[in-house]
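To keep things clear, I will list the structure first and then write my remarks on it.
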Amino acid sequence: MIVMQGGHPTELTPQEWYSEREECWELISGLTLWFIWRARCFRIFEASPVPPAETVRDFWLELIHTLRGQLEGLQGSSHRMRERREAFLRLWRPGPFYTIVQGVLRWHYCPPVWLFSPPIS
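For the record, in the sequence shown the residue sitting at position 90 is 89 according to numbering that gives the first Met the number 0, with numbers rising by one throughout.
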């Protein structure tokens, strides 16, 4: 949620009630809709279909890039920043999404593995 103050955005989550999970869900749903819409526009307006696997790959790369940016934005030293960083790390538990080795964050990404072949565009 972006709060406007005098016509300028202030911060993404100023309210205490607005949870990290809600912010994360908005990010995932927004990115999903964006990449579906983008693939649709390429297909309709440019007659250039985007393979579903490429759309999924681009989605995950953008999600990882955005989440990394959020985490780097939480690298302050104040008590509130430490709390938000810990909430972020709890939400994205180490293992499937990332690991931390000697204080260095390493994101995991694998291309999708299809149980069945993806639909041919």
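C-beta atoms are modelled at their ideal positions from N, C-alpha and C, and glycine is treated no differently.
Computed from a predicted structure; not experimentally measured.
Closest residue to residue i among the options (Cα-Cα distance)
{"i": "T31", "options": "R42, V100, V55 and T65", "result": "V55"}
{"i": "A38", "options": "E21, I27, D57 and A86", "result": "D57"}
{"i": "L26", "options": "H78, W59 and P50", "result": "W59"}
{"i": "L149", "options": "W36, R79, A86 and F44", "result": "Any answer about residue 149 is impossible in this case: the structure gives the chain only from 0 up to 120."}
Separation of residue j from residue i, as counted between CA atoms
{"i": "E61", "j": "A52", "result": "14 Å"}
{"i": "I63", "j": "R81", "result": "21 Å"}
{"i": "E45", "j": "W36", "result": "13 Å"}
{"i": "I43", "j": "E21", "result": "33 Å"}
Buried/exposed call for residue i, threshold 16 Cβ in 10 Å
{"i": "F34", "result": "buried"}
Cβ shell of residue i (< 6 Å), same chain only, five flanking positions each side left out
{"i": "V100", "result": "none"}
Contacting residues, own chain, Cβ-Cβ under 7 Å from residue i (five flanking each side not counted)
{"i": "S47", "result": "F41"}
{"i": "S77", "result": "none"}
Contacting residues, own chain, Cβ-Cβ under 8 Å from residue i (five flanking each side not counted)
{"i": "V49", "result": "R37, A38, F41, R42 and S120"}
{"i": "G68", "result": "none"}
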